[in-house]
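Under my numbering, the sequence shown is numbered contiguously, ending at residue 731. We put the beta carbon where it would ideally sit given N, CA and C, even for glycine. Nothing here was measured: the structure is a model prediction, and the numbers come from that model. Structure first, then comments.
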Amino acid sequence: MNKPILLLLTLLLLTPVCSQADVQLTLPANVRVVACNGQNSSGQSCLTLPDGKNQIALRFEGELGRGKDAEYVYSEVIVASFEARNAKLHLKIPEVRGSHSLKRFNMDPQIELTDATGRSVTCQTAVLKKEGFQIQRDYAQELAEFNTSGSPAAIPAVSITAQPAASDPAIAGQMLQYWYQQADATTRTEFKRWLEKQ
């Protein structure tokens, strides 16, 4: 056997298989994660989480309506806590078709979490409420406070290491959404045209 192949086999045998000892969580395209295990997050369609208890904060984001009546909306921030080991999980939320279903989801967030075999995984949920003006939110700080509450979705053991919010790319997205929603229909249309040219 030549030396390169022998070296490759040796490396493969000595390399620990650690990628299997974690949790892979796949999310729908219209769900954005804003925090994961106490850390601010910029949102991903697939997360790699440690084995054991995990907590994510997420929200629905999407465009409702068509043509001139189309409006980009997002739900309240939902906290979801669950426990899993060495699993591939899929998260689903109810279909949001209009303002009524969005309000229903905000009031009673039904989140379905299943493993690779389709079995349901227990998931505790709660709305992460914040009063007042909301251009910027420090989800890490909010979750630190939330996790001291008696909510079933709270995980007191989640360690919080707040990061500067200004460096989080999610903040820019939130600000764009806010100003888009403040604009009139003409300005929104002009913005969409500009965006398509970029």
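Cβ pair alanine 613, alanine 649 closer than 9 Å: no
Distance check for leucine 661 and valine 610, CA to CA, integer angstroms please. 5 Å
Is the beta carbon of valine 556 closer than 9 Å to that of leucine 597? no
Taking the C-alpha atoms as reference points, what is the distance between lysine 601 and glutamate 729? Rounded to the nearest angstrom, the two C-alpha atoms are 15 Å apart.
So is proline 685 buried or exposed if we call it buried at 16+ other beta carbons inside 10 Å? exposed
Along the chain, where does the alpha helix (DSSP H) that runs through lysine 586 open and close? Residue range 585–597 is occupied by the beta strand (DSSP E) that includes lysine 586, with no alpha helix (DSSP H) assigned at that position.
Check arginine 630 in the structure and name its three-state DSSP category. Coil.
Under 9 Å, do leucine 560 and glutamine 572 count as touching if we go by C-beta distance? no
Going by DSSP, which residues form a beta bridge with leucine 661? Beta-bridge pairing links leucine 661 to no other residue.
Taking the alpha-carbon positions, what's the tyrosine 672 to glutamate 664 distance? Near 13 Å, if we compare the C-alpha coordinates of glutamate 664 and tyrosine 672.
Candidates Glu604, Ile688, Gly585: which alpha carbon is nearest threonine 722's? Glu604
Under 9 Å between C-beta atoms of leucine 622 and leucine 558: yes
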